[in-house]
Amino acid sequence: MPAASQRAHAPAAPIDTLPDMTPTIDLLETLRSGLTVEGPRRHIVIIGAGIAGLTAGMLLKEAGHTVSILEARNRLGGRIYTYRGFAGKMYGEFGAMRFPRQHRLAQHLIHDRFKLATEPFGMEDQDTFVYLQGRGMRRSEFTGAAFETGLGPDERAKEPTKLLHDVMAPLIELAGQPGGWDKIIAQFDRYSLLGYLLERGVTEQALWLLGPLFNIEGRFHFSLVEWFAHWYDDVFGDLEYIVDGADTLPGAFAPILMNDTRLGAEVQSIDQQADGVSVRFRDATGGRGEVRGDEVIVTVPLVLLRHMEISGLDVDKWFTIRNVYYGRAHKIFMQFSRRWWVEDYAIDHGVTVTDLAIRNVVYTPAGQDASMEKGVLIASYAWEQDSMAYSMLDEQQRVAQALEDLAKIHPEAAETFEFGVSYDWALDRHGGGIGPLFRPYEMTGRFFDDIRRPVGRVWFAGDSCSRLERRWIEGAIGSAVQTAYAIDAGMRNELPDIQLVEQHPAPS
Ligand SMILES: Cc1cc2nc3c(=O)[nH]c(=O)nc-3n(C[C@H](O)[C@H](O)[C@H](O)COP(=O)(O)OP(=O)(O)OC[C@H]3O[C@@H](n4cnc5c(N)ncnc54)[C@H](O)[C@@H]3O)c2cc1C
Numbered sequence: 036m037p038a039a040s041q042r043a044h045a046p047a048a049p050i051d052t053l054p055d056m057t058p059t060i061d062l063l064e065t066l067r068s069g070l071t072v073e074g075p076r077r078h079i080v081i082i083g084a085g086i087a088g089l090t091a092g093m094l095l096k097e098a099g100h101t102v103s104i105l106e107a108r109n110r111l112g113g114r115i116y117t118y119r120g121f122a123g124k125m126y127g128e129f130g131a132m133r134f135p136r137q138h139r140l141a142q143h144l145i146h147d148r149f150k151l152a153t154e155p156f157g158m159e160d161q162d163t164f165v166y167l168q169g170r171g172m173r174r175s176e177f178t179g180a181a182f183e184t185g186l187g188p189d190e191r192a193k194e195p196t197k198l199l200h201d202v203m204a205p206l207i208e209l210a211g212q213p214g215g216w217d218k219i220i221a222q223f224d225r226y227s228l229l230g231y232l233l234e235r236g237v238t239e240q241a242l243w244l245l246g247p248l249f250n251i252e253g254r255f256h257f258s259l260v261e262w263f264a265h266w267y268d269d270v271f272g273d274l275e276y277i278v279d280g281a282d283t284l285p286g287a288f289a290p291i292l293m294n295d296t297r298l299g300a301e302v303q304s305i306d307q308q309a310d311g312v313s314v315r316f317r318d319a320t321g322g323r324g325e326v327r328g329d330e331v332i333v334t335v336p337l338v339l340l341r342h343m344e345i346s347g348l349d350v351d352k353w354f355t356i357r358n359v360y361y362g363r364a365h366k367i368f369m370q371f372s373r374r375w376w377v378e379d380y381a382i383d384h385g386v387t388v389t390d391l392a393i394r395n396v397v398y399t400p401a402g403q404d405a406s407m408e409k410g411v412l413i414a415s416y417a418w419e420q421d422s423m424a425y426s427m428l429d430e431q432q433r434v435a436q437a438l439e440d441l442a443k444i445h446p447e448a449a450e451t452f453e454f455g456v457s458y459d460w461a462l463d464r465h466g467g468g469i470g471p472l473f474r475p476y477e478m479t480g481r482f483f484d485d486i487r488r489p490v491g492r493v494w495f496a497g498d499s500c501s502r503l504e505r506r507w508i509e510g511a512i513g514s515a516v517q518t519a520y521a522i523d524a525g526m527r528n529e530l531p532d533i534q535l536v537e538q539h540p541a542p543s
């Protein structure tokens, strides 16, 4: 992972003296030990009570600052959202549901700080299916030659996993070198995944197979490096879920921050002045309010800032805000009268991949109630254009079409179906999509530095402010720690550099 280089921009409204040296911090150590810098305690307004806002709020409050959190929804957690409308104790994670064990900041909060019980969230089960061209087969039986793809003899002879591994060899080699991630970003940021695969000689026939198999079809036109970082890190290899539901993680902040949080407060404008900030909001009844503070941290997904007025931001900052891309995604959960996937297929975790509209069926270990015969699964989890195909349907149509697809693979679904419920993040007024996705050229240069660059008294945190853990809870927490540190230390228009541990192991 590259060093977090910061550009020192001219302040929009110079207020304090710029520090003459940028400190370097260890994010985990700062999260674990808290903020330690002595200095004037201030009033910090935080917009958004997702994991970034909550983490920043907790750190700053525990360091003696006054915090006021304004949250548009009537709940904490933002894109961590647990649906609890199923029978018994069953639940469905509409948002985040899997926590990689290598995400040390999230692990610290879950295990050390809040002591939440977890269980493994396995992603690979050889009993799940690959369903393509109207025909399904167990993963244990699957080979690249199993479907009629028109692959040439070389590609046909290789296992698809090996094919992908060989194509990625130049990046894998660099990743193992000291400073390798800097080099990868410098050399490969210009590539989309598709552009790279084609340039390396992967045929269109092979793309047809690799796309659904590795879930990369929706990622073809996005950043090669971002996808590679997740794949290389095997970020889906060792996951866990929070037994009582992911929402118990934001819920664990409530005893610390609930008195400082105003729910149902949709922020509409931020006015920066020489001696502070004014944040104006509208509440659920249409009433208006204002909070004044010394600094404001914006953790709202950037795409939503187009609906907010913020004074004092420069043109570069607005350019970035306008250009950060947020992806689409939906999940369709279904409740069944019995867990036929376990009883009839011996599947209790993992994912079936398909070329049907549902794309991915997730046999979620999270959210089951062992005391019941009933069960829940994710009949469809899909991104980008696959999700768009569902966005245009109404709720009833989504569930009906997903059930029809699911029954092609598992006929038992039709007889045991009780009800279904979908959540489309692209249509969430306060979500702005599943999260940020890099496109080619966006990790390097000014673009990324401008995303997280604070401007005067306005600070930015959230998952879009992390380079390699974007769209992960880990990235949101890390950016919050970095920002809280900077405010506490009296920094202005810059953030501390991050001391990095080696987060990217060599490939196995
Ligand atoms: C479907 C899905 C699956 C995911 N899966 C995983 C996973 O398995 N593991 C993982 O680590 N990550 C996952 N993520 C990503 C993870 O949920 C996010 O990276 C993380 O929760 C982002 O936190 P945040 O605080 O940056 O943003 P958010 O959670 O979006 O918080 C921003 C807050 O700002 C509020 N807000 C918006 N507008 C306003 C306004 N005008 N005024 C006041 N408040 C406002 C929002 O309501 C929200 O509460 C997933 C996300 C989705 C959607």
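Adding 35 to a residue's 1-based position in the sequence shown gives its number in the numbering used here.
Each residue gets a CB set at the ideal place from its N, CA and C atoms; glycine is no exception.
Item: In terms of alpha-carbon separation, which member of Met93, Ala84, Arg315 and Thr334 lies closest to arginine 108?; Value: Ala84
Item: Below 8 angstroms on the Cβ atoms is my contact criterion, and I expect glutamine 370 with methionine 125 to pass it. Report the Cβ-Cβ distance as a whole number of Å.; Value: 7 angstroms
Item: Across which residues does DSSP place arginine 323 in a beta bridge pair?; Value: Arg317
Item: What does DSSP give as the partner residue(s) for threonine 296 in the beta ladder?; Value: Ile104
Item: Rounded to the nearest angstrom, what separates threonine 320 and arginine 297 at their Cα positions?; Value: 14 angstroms
Item: If you reduce the DSSP assignment to three classes, tell me which class arginine 374 lands in.; Value: coil
Item: Please state the DSSP three-state secondary structure of leucine 412.; Value: strand
Item: Touch check for the region 428-438 and the region 350-358: three-plus C-beta pairs under 8 angstroms?; Value: no
Item: Name the residue from Glu194, Ala515 and Gly236 whose alpha carbon lies nearest to the alpha carbon of glutamate 176.; Value: Glu194
Item: Is there contact between the region 365-385 and the region 410-430, where contact requires at least three CB pairs shorter than 8 angstroms?; Value: yes
Item: Along the chain, where does the beta strand (DSSP E) that runs through tyrosine 231 open and close?; Value: Where tyrosine 231 is concerned, there is no enclosing beta strand (DSSP E), although the alpha helix (DSSP H) it sits in stretches over 228-234.
Item: Per DSSP, what kind of secondary structure is isoleucine 220 in: helix, strand or coil?; Value: helix
Item: Here's the rule I'm using: 16 or more other beta-carbon atoms within 10 Å means buried, otherwise exposed. How should glutamate 330 be labelled?; Value: buried
Item: List in chain order: all unbroken beta strand (DSSP E) runs of 3+ residues lying wholly within the region 49-136.; Value: 59-61, 78-82 and 101-105
Item: Is the beta carbon of phenylalanine 249 closer than 7 angstroms to that of methionine 17?; Value: One cannot answer for residue 17 here, as it falls past the ends of the chain, which runs 36 to 543.
Item: Can you tell me whether leucine 70 is buried or exposed, with buried defined as 16 or more other CB within 10 angstroms of its CB?; Value: buried
Item: Here's the rule I'm using: 16 or more other beta-carbon atoms within 10 Å means buried, otherwise exposed. How should serine 258 be labelled?; Value: buried
Item: Say yes only if the C-beta of tryptophan 262 is nearer than 6 angstroms to one or more non-hydrogen atoms of ligand 1, and no if none qualify.; Value: no
Item: Kindly indicate the opening and closing residues of the beta strand (DSSP E) around proline 455.; Value: The question names proline, yet the displayed sequence has glycine at residue 455. Unbroken beta strand (DSSP E) run through glycine 455: 452-459.
Item: Anyone know if the C-beta pair for glutamine 161 and arginine 174 falls short of 7 angstroms?; Value: yes
Item: Can you tell me the Cα-Cα spacing of histidine 465 and glutamate 301, whole angstroms?; Value: 9 angstroms
Item: Distance check for tyrosine 116 and alanine 281, CA to CA, integer angstroms please.; Value: 7 angstroms
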